[in-house]
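Visitor: Could you have a look at this structure, given as structure tokens, before my questions?
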Amino acid sequence: MDTMDTKVKFNVGTVSYEAELRNSGYTARAKKPRASVWEADGSVPEAEVVLGPVAKALGAPTIHTVRGAFPALDKAWDAYNKSVVEVKRAVLFGALKALAPVNPQAAFFRENLDQIKFSRKAGCSCGCSPGFVLPGLASHQDIDLFVNVAVLV
């Protein structure tokens with residue numbers, strides 16, 4: 459089932475975003491729809507800013523270490539990642555709220571918010587494209603949602 463491509467602009471707090479729900483073009487794949495959220499709006503500080511002092515205090519050579527080598531740094535990473543996911547989830551919910559009145563697939567996703575799961579490997583099995591796995595029906599498998607900070611001109 460093809461979805462009508464839909465674009466909307468919306469705000470979460472004082473930040474403007476653009477969301478696009480579109481046919482991914484991968485109709486042969488057997489997977490649930492995905493949502494990618496880029497929240498580069500300054501609401502979450504960069505990992506280096508937050509974790510750099512922790513790594514330095516622990517004597518770690520960098521913030522990027524093997525898990526288990528510096529347990530306190532692992533715990534700091536876990537807390538940092540949780541805050542990033544919370545921000546992304548709020549933006550995603552804002553996008554679905556804006557899209558639901560104009561797109562039936564978005565309305566379905568919004569009605570099933572409790573089934574939306576974050577995955578480090580949502581976009582790629584190597585983990586380079588984290589995102590959200592949306593609840594899906596067979597008719598939704600070729601749909602993806604992209605959310606970006608709106609470019610202000």
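Numbering (the working numbering), first residue to last: 459 to 611.
The C-beta atom is built at its ideal place from N, Cα and C for all residues, glycine as well.
Within this structure, are the beta carbons of alanine 477 and lysine 467 separated by less than 9 Å?
Guide: Contact flag set, yes.
Visitor: To the nearest angstrom, how far is it from the Cα of alanine 486 to the Cα of valine 591?
Guide: Reliability fails at alanine 486, whose pLDDT of 49 lies under 50, so the model's placement of it is uncertain and the value that follows must be treated cautiously. Rounded to the nearest angstrom, the two C-alpha atoms are 17 Å apart.
Visitor: Between Asp572, Gln563, Val473, Ala527, which has its C-alpha nearest valine 545's C-alpha?
Guide: Residue Val473 is the option with its Cα nearest to valine 545.
Visitor: Does the Cβ of methionine 459 have 16 or more other Cβ atoms within 10 Å, making it buried, or fewer, making it exposed?
Guide: Any reading at methionine 459 needs caution, since the residue's pLDDT is 39, under 50, leaving its predicted position unreliable; the model's value is listed next. Methionine 459 should be labelled exposed.
Visitor: Should the stretch 600 to 607 be called in touch with the stretch 549 to 565, which here means at least 3 C-beta pairs below 8 Å?
Guide: In short, these stretches touch, since the Cβ pair count reaches three.
Visitor: Are the beta-carbon atoms belonging to alanine 580 and arginine 525 less than 9 Å from one another?
Guide: Against a cut-off of 9 Å, the Cβ pair of arginine 525 and alanine 580 comes out as no contact.
Visitor: Measure the alpha-carbon distance for glycine 510 versus proline 593 and round it to whole angstroms.
Guide: Each residue's alpha carbon lies about 37 Å from the other.
Visitor: Between which two residues does the alpha helix (DSSP H) harbouring leucine 571 extend?
Guide: First-last for leucine 571: undefined, no H or E at that position.
Visitor: Could you name the residues that DSSP lists as bridge partners for threonine 464?
Guide: For threonine 464, which the question treats as bridged, DSSP gives the partners Leu479.
Visitor: What separation, rounded to the nearest whole angstrom, lies between the Cα atoms of proline 519 and serine 494?
Guide: Cα to Cα, proline 519 sits roughly 31 Å from serine 494.
Visitor: Return helix, strand or coil for serine 583, following the three-state DSSP convention.
Guide: Residue state, collapsed to three classes: coil.
Visitor: Taking only three categories from DSSP, how would you classify arginine 525?
Guide: Arginine 525: coil per DSSP, three-state reduction.
Visitor: In angstroms with no decimal places, state the Cα-to-Cα distance between valine 507 and leucine 479.
Guide: Going by the C-alpha atoms only, they are around 33 Å apart.
Visitor: Is the distance from the Cβ of leucine 531 to the Cβ of valine 512 below 9 Å?
Guide: The answer is yes: Cβ separation under 9 Å.
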